[in-house]
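> Each residue of the sequence shown is one higher than the one before, starting from 16 at the first, in the working numbering. For every residue, glycine included, the Cβ atom is placed at its ideal position computed from N, Cα and C.
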Amino acid sequence: EVVPGWTEDPKAFEDYFQPGTMEWYQARKYGLTDVSMVLIATGNSGHMGFIITSNGRYYIGDLMADEIEEITKPATWPEILAVLEEGERGLKTKELKHVELPEE
Numbered sequence: 016e017v018v019p020g021w022t023e024d025p026k027a028f029e030d031y032f033q034p035g036t037m038e039w040y041q042a043r044k045y046g047l048t049d050v051s052m053v054l055i056a057t058g059n060s061g062h063m064g065f066i067i068t069s070n071g072r073y074y075i076g077d078l079m080a081d082e083i084e085e086i087t088k089p090a091t092w093p094e095i096l097a098v099l100e101e102g103e104r105g106l107k108t109k110e111l112k113h114v115e116l117p118e119e
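1) By DSSP, does Glu85 sit in helix, in strand, or in coil?
2) List the residues that DSSP assigns as beta-bridge partners of Phe65.
3) Can you tell me whether Val53 is buried or exposed, with buried defined as 16 or more other CB within 10 angstroms of its CB?
4) In three-state terms, what does DSSP make of Glu29?
5) Mind checking which residues open and close the alpha helix (DSSP H) that includes Glu94?
6) If contact is defined by three or more beta carbon pairs under 8 angstroms, each pair taking one atom from either stretch, is the region 32-51 in contact with the region 67-74?
7) Starting from Glu38, trace the alpha helix (DSSP H) both ways and give me its first and last residue.
8) Quick check: Trp21 and Ala56, are their CB atoms within less than 8 angstroms of each other?
9) Using 8 angstroms for Cβ pairs, my map puts Ile67 next to Gln41. What's the rounded Cβ distance?
10) Is it right to say Glu38 is buried, meaning 16 or more other beta carbons lie within 10 angstroms of its own, or is it exposed?
11) Smallest Cα separation from Glu110: which of Leu96, Ile86 and Ile95?
Structure below.
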């Protein structure tokens with residue numbers, strides 16, 4: 016665990032946010048492209064949280080909820096990890112709005 020309750024082990028999230036997956040469509044609904052998962056909650060954490068990056072920004076969400084929020088403070092990855100040491104409530108976030116997707 017990189018911070019308590021979270022892992023950055025690529026094996027833990029290799030199936031998420033791949034083209035065509037539910038998470039990939041969820042990110043697209045919020046206008047996020049070129050998404051990479053950087054953290055996922057561990058099984059013993061009690062939640063299905065994730066942190067992704069897209070276009071130089073970081074976002075937090077939950078695999079069981081249809082919402083993704085932009086992490087506005089702190090803004091850098093080392094600072095985000097430092098805040099997560101104390102719990103994700105220390106992160107400042109901004110709710111994202113859905114965007115209209117073109118027909119596929």
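Concretely, from the data shown:
1) strand
2) Answer is Ile55 and Gly76.
3) Val53 sits buried, since 16 or more C-beta atoms from the chains shown fall within 10 Å of its C-beta.
4) coil
5) Trp92 to Leu99
6) yes
7) Met37 to Lys44
8) By the CB criterion at 8 angstroms, Trp21 and Ala56 fall inside the cutoff.
9) Actually they do not touch by this definition, with Cβ atoms about 10 angstroms apart.
10) buried
11) Ile86
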